[in-house]
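Residue numbers (my numbering): 27 to 491.
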Amino acid sequence: LTVTCWQRHGGADLSAADLDMLDTRRPVLLLSGDCHSIVLNRRAMSVYRDFLQRDPPGGRVIRDSQGRPTGVVEDGLAMSMYDLHSAQGPRAAAETLRKAFSALNAQGVTAVMDARATDEALDAAVRLWEINDLTVRLSGAWEITPSDCPGPEAAPGALSDADRRMARYRRGPGGPDPGTAAWPDPFTRPGIALRHVKMFVDGMPGNGTAFLRRPYLAVPGPNGRLAPPDPDRAAGLCYFQAQTLAAIFRAAADYGLHPHCHAIADGALDLVLEAAQALRSSRPGLDLRPAAAHLDLVARDQYPRMRELGVAAVLSFQWAALAGEDLAEILGMYGEDRFSGAETHGRFLDAGVTVGYGSDWPVEPLDQWDNFQAGALRRIPAGAGAAFPRLASDRDLTVPELLFAATRGSAWIMGQETCCGSLAEGRPADLAVLDGPLLSREPASLKDTRVLRTLVGGRTVWRTD
């Protein structure tokens, strides 16, 4: 029994003992909505007993005071377990993906990046492409795990394998049978581009696994209460060593692949910047576009380094809007001195860093207009009063800045700026028709924006009733 949308943090922590109270003999696998935690009942633990023997290179098994697994696993191990037991058949997966793309089209989205592409999702995308039902320009990033590349010497082989596997799914100009009757021009027809590799450099703050320069003051404990950090992991966890990550960046360059890193905190970003420095030193002048996603906690000296090394920031603007209890948790984890580096979206732009918008869907609801308003005002759009204060660690974003990040900035990071992200003569007509002028709209009304029609390559893929 696979269940989703449990919120471990900000909700309630669980263990196998809790799930064993359910009247079932079935294995139960419960995925947290943040995609970084899974809790298993005892029956499921018996299925996964080999996984729970030790901490894997990219995750963590939570244990009690006697060293026994509690049923909770985190980060990469949680994701791989969910992949194993959530897979659908080819037709069902293609239908699920078609519905997902339709939901994106209804938001006005014409191009998207799957930041952790899997065989299941890519097989489904190819199936849609073959029946001429792919309604977004799809980019994907193939994950390189710590198990794939345990040390620098393994990087060339890991990248060779990743490129070989991605080659099976690439469709579009230069791919098999690029034209159709509906899109006789292969440049106009939406395709499947796989130009990125993804590394989860750290975990997440709620697990105490985001990697910090300095130790946590506290971490979320049972039932959301803050507790002292584990002395052995007081600064969180990094899943790649600096030399290994640098070797991956250099090997990616040999295949023309852009490194895309999950980096929540300043310690993880340091590793990304070191890898980018090694890349620029060994491959000067190469047009490679490393990016770091999330960047919830950044130190002031890191913004100019990102600009200097050409490392882009992929930001989810809605994370600048937090409830008062979340702000209190951040202060408790980091302290006042580091709070000024939390969700500093405007500071990246002020430093000249290329910024792209990432929805963080399905971790977050798919509502980019609500997200834009949250980024513009740095408060929860539907919230009011003292329980929903403005996050005061940075300035507000302007509407043009938000739109640039969601269009030209994202297109550049995906390597698709020649076909999407802006309208120009000779480019495909990818556009959304809105219910009124946007640049003159008040930021406080962005969440009310309605998309009337979405076109990809000049073909209508969605329209309102």
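All C-beta atoms, glycine included, are put in the ideal place defined by N, C-alpha and C.
{"Asked": "Buried versus exposed call for LEU263 [16 or more other C-beta atoms within 10 Å across all chains shown]", "Found": "buried"}
{"Asked": "Neighbourhood of ASP174 by C-beta, 7 Å cutoff - its chain only, sequence neighbours within 5 removed", "Found": "ALA184"}
{"Asked": "Beta-carbon proximity of VAL477 to GLN133, cut-off 8 Å", "Found": "yes"}
{"Asked": "Neighbourhood of LEU457 by C-beta distance below 8 Å, restricted to the same chain and skipping five residues each side", "Found": "THR136, LEU449, THR480 and LEU481"}
{"Asked": "Check whether ALA302 and LEU295 have beta carbons under 8 Å apart", "Found": "no"}
{"Asked": "Short Cβ contact (8 Å threshold) for ARG83 with PRO176", "Found": "Arg is not the amino acid found at residue 83; the sequence shown has Pro there. Yes, the pair counts as a contact, with Cβ atoms nearer than the cut-off."}
{"Asked": "Span of the beta strand (DSSP E), counted from its first residue to its last, around LEU457", "Found": "457-460"}
{"Asked": "Distance between ARG142 and TYR281 (C-alpha atoms, nearest Å)", "Found": "18 Å"}
{"Asked": "Chain-order list of residues whose beta-carbon lies under 7 Å from that of LEU154 (same chain, five-residue window excluded)", "Found": "ALA120, LEU123, ARG124 and LEU160"}
{"Asked": "Same chain only: Cβ atoms within 6 Å of LYS473, ignoring 5 sequence neighbours per side", "Found": "TRP395, ASP396, GLN399 and PRO407"}
{"Asked": "ALA339 to LEU321 span [Cα, whole Å]", "Found": "8 Å"}
{"Asked": "Burial state of VAL389 (16 or more Cβ within 10 Å)", "Found": "exposed"}
{"Asked": "In DSSP terms, what TRP32 is bridged to", "Found": "SER58"}
{"Asked": "Among GLY435, ILE356 and GLN33, the one whose alpha carbon lies nearest that of TYR242", "Found": "ILE356"}
{"Asked": "Helix, strand or coil at VAL425 [DSSP, three-state]", "Found": "helix"}
{"Asked": "Of the residues GLN114, ILE64, GLY93 and GLY115, the one placed nearest SER106, counting alpha carbons only", "Found": "ILE64"}
{"Asked": "Straight-line gap, GLY93 to GLN79 (C-alpha atoms, nearest Å)", "Found": "10 Å"}
{"Asked": "Length of the line joining the Cα atoms of HIS35 and PRO285", "Found": "29 Å"}
{"Asked": "Sequence-distant residues of the same chain with beta carbon closer than 7 Å to ARG453, five excluded per side", "Found": "CYS445"}
{"Asked": "Unbroken stretches of the beta strand (DSSP E), 3 residues or longer, contained in the segment 306-389", "Found": "317-320, 338-341 and 381-383"}
{"Asked": "Where ALA219 falls, given that 16 or more other Cβ within 10 Å makes a residue buried", "Found": "buried"}
{"Asked": "Unbroken beta strand (DSSP E) run spanning GLU100, endpoints", "Found": "95-101"}
{"Asked": "GLU334 versus ASP101 - alpha carbon distance", "Found": "31 Å"}
{"Asked": "For LEU403 and ASP422, believed in contact at Cβ under 8 Å, the rounded distance", "Found": "6 Å"}
{"Asked": "Inter-residue Cα distance where the pair is PHE365 and ALA151", "Found": "41 Å"}
{"Asked": "Beta strand (DSSP E) segment containing MET139, residue limits", "Found": "137-143"}
{"Asked": "Option in ALA147, LEU323, ASP461 and GLY311 with minimal Cα separation from GLY115", "Found": "ALA147"}
{"Asked": "ASP39 burial status per 10 Å Cβ neighbour count (16 or more: buried)", "Found": "buried"}
{"Asked": "GLU169 - partner residues in DSSP beta bridges", "Found": "LYS224"}
{"Asked": "Through-space distance from LEU130 to THR486, alpha-carbon basis", "Found": "13 Å"}
{"Asked": "Unbroken stretches of the beta strand (DSSP E), 3 residues or longer, contained in the segment 278-308", "Found": "284-289"}
{"Asked": "Cβ neighbours of ARG373 in the same chain (closer than 7 Å, five flanking residues each side left out)", "Found": "TYR329 and ASP420"}
{"Asked": "C-alpha distance - PRO53 paired with LEU27, whole-angstrom precision", "Found": "6 Å"}
{"Asked": "Contact belief for THR97 with LEU48 at Cβ below 8 Å, rounded distance in angstroms", "Found": "Here residue 97 is Gly; the residue named in the question, Thr, does not match the sequence. Not quite, the Cβ-Cβ distance comes to about 13 Å (not below 8 Å), so this is no contact."}
{"Asked": "Residues bridged to LEU164 [DSSP beta-bridge criterion]", "Found": "VAL138 and ILE218"}
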